[in-house]
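Here is the structure we will look at, set down as structure tokens.
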Amino acid sequence: MRLQDIAAILATTVTSVSAIPFGQASVTETRQAKPPYFLLTGDSTVAINGGWGNGFLSFVESPADGKNYGKSGATTVSFRAQGIWNTVIAEVEANKDAFSPIVTIQFGHNDQKAAANISPDQFQANLETLANEVTAAGGTPVLITSLTRRTFSGGKVIQNLETERLRAIAAAEAVGATYLDLNTASTNYINAIGNENGHKYDLASGDATHLNPAGEIVFGRLVADLLLEKRTDLAEFIKENKALSDKIKNGEFATGDETD
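Take any residue in the sequence shown, note its place counting from 1, add 300, and you have its number in the numbering used here.
Take a look at the structure:
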């Protein structure tokens with residue numbers, strides 16, 4: 301190559317680099333991530349008036365935001381058939397420019413019932429499809445294993461959602477999604493505080509599935525803490541409550557009124 305050709309190439313390279321505004325190369329590294337927009341999906345153990353969903357959202361700080369789409373009686377089939385899932389996907393698409401949409405997916409309580417006629421294989425496949433559709437729409441799916449029922453036998457919680465737990469984890473792993481093992485965490489917590497205290501979270505007398513307002517806060521905090529274990533980048537958008545988190549972590553009965 302002739303000397304003048306080399307000089308021309310060097311001149312072009314310098315011109316190209318000089319055309320980049322000063323500091324532009326570091327913009328991506330320093331730019332604050334878009335705030336999350338949480339879209340909660342699932343059955344009554346997520347829904348308003350009985351689920352952990354609103355308790356979780358009470359810890360979300362602006363500019364982050366969210367909505368609770370949990371539906372009483374919902375399965376992975378009925379949630380779509382009733383049109384709720386399409387609304388959630390539309391929310392992802394509408395908010396993905398200003399926010400980072402995160403869709404939590406927690407089903408199982410109703411899918412396991414014989415009347416639903418949903419096999420474990422179908423349940424897992426449905427979860428995988430839901431997660432993939434969130435990703436395709438521009439959101440991030442987070443699968444959550446079912447909140448435990450607070451029913452006891454022999455001094456321990458009856459683990460009657462284990463099949464659904466394992467299938468939710470398998471679905472998350474199959475599609476490469478994050479999962480939160482709420483079933484194990486909530487079971488461990490209820491075992492730690494005992495049968496009597498566990499029923500203090502009942503929405504109504506004898507209802508060991510749904511949560512009263514105190515339970516919504518306590519288990520909403522548990523979900524928040526599980527999420528932060530997997531997504532430390534979300535810490536600035538989720539308000540701390542160390543006193544409550546510590547009680548849950550240490551297996552101590554929490555009222556939901558704890559403050560730092």
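By construction, the Cβ of each residue, glycine as well, lies at the ideal position given by its N, Cα and C atoms. Everything numeric in this text was worked out from a predicted model, so none of it was measured.
Find out if the Cβ-Cβ distance for the pair residue i, residue j is shorter than 7 Å.
i, j, result
"valine 442", "threonine 387", "no"
"lysine 456", "asparagine 491", "yes"
"arginine 467", "proline 420", "yes"
"phenylalanine 356", "alanine 485", "no"
"arginine 480", "isoleucine 444", "Per the sequence shown, residue 480 should be read as leucine rather than arginine. Contact: yes."
Could you tell me the distance, in whole angstroms, from the CA atom of residue i to the CA atom of residue j?
i, j, result
"alanine 554", "glutamate 496", "13 Å"
"asparagine 349", "valine 518", "14 Å"
"threonine 328", "glycine 520", "Any reading at threonine 328 must be qualified, since the residue scores a pLDDT of 33, below 50, and its modelled position is unreliable; no value is offered."
"alanine 381", "glutamate 516", "27 Å"
"isoleucine 538", "alanine 508", "28 Å"
"threonine 341", "glycine 494", "29 Å"
"alanine 504", "asparagine 512", "8 Å"
"threonine 429", "tryptophan 385", "12 Å"
"tyrosine 369", "alanine 431", "16 Å"
"arginine 331", "phenylalanine 359", "In this prediction, arginine 331 has a pLDDT of 36, which is less than 50 and means its spatial position is unreliable; nothing more can be read from the coordinates."
"serine 344", "glutamate 462", "18 Å"
"leucine 528", "glutamate 361", "14 Å"
"alanine 543", "alanine 415", "42 Å"
"threonine 315", "leucine 482", "The pLDDT assigned to threonine 315 is 37, lower than 50, so where the model puts this residue is not dependable; a value taken from the coordinates is nonetheless given after this. About 56 Å."
"lysine 371", "alanine 472", "22 Å"
"phenylalanine 338", "threonine 404", "7 Å"
"asparagine 426", "aspartate 557", "37 Å"
Quick check on DSSP: helix, strand or coil for residue i?
i, result
"glycine 353", "helix"
"phenylalanine 553", "coil"
"tyrosine 479", "strand"
"threonine 387", "helix"
"glutamine 580", "A question about residue 580 goes unanswered here, because the residues of the chain that appear run from 301 up to 560."
"aspartate 502", "strand"
"serine 545", "helix"
"glycine 323", "Confidence at glycine 323 is low in this model, with a pLDDT of 38, below 50, so its placement is unreliable and no value can be given for it."
"isoleucine 348", "coil"
"lysine 559", "Strictly speaking, residue 559 in this sequence is threonine, with lysine absent from that position. The answer is coil: DSSP assigns threonine 559 none of H, G, I, E or B."
"alanine 468", "helix"
"valine 518", "helix"
Would you mind giving the Cβ-Cβ distance between residue i and residue j, rounded to the nearest angstrom? I have them listed as a contact below 8 Å.
i, j, result
"aspartate 411", "threonine 448", "Wrong, their Cβ atoms sit about 16 Å apart, outside the cutoff."
"lysine 334", "phenylalanine 399", "6 Å"
"valine 577", "valine 392", "Given a span of 301 to 560 for the chain in the structure shown, any question on residue 577 remains unanswerable."
In the DSSP assignment, what residue or residues form a beta bridge with residue i?
i, result
"glycine 366", "Phe338"
"threonine 484", "According to DSSP, threonine 484 bridges with nothing at all."
"lysine 456", "Ser453"
"leucine 443", "Ile405, Tyr479"
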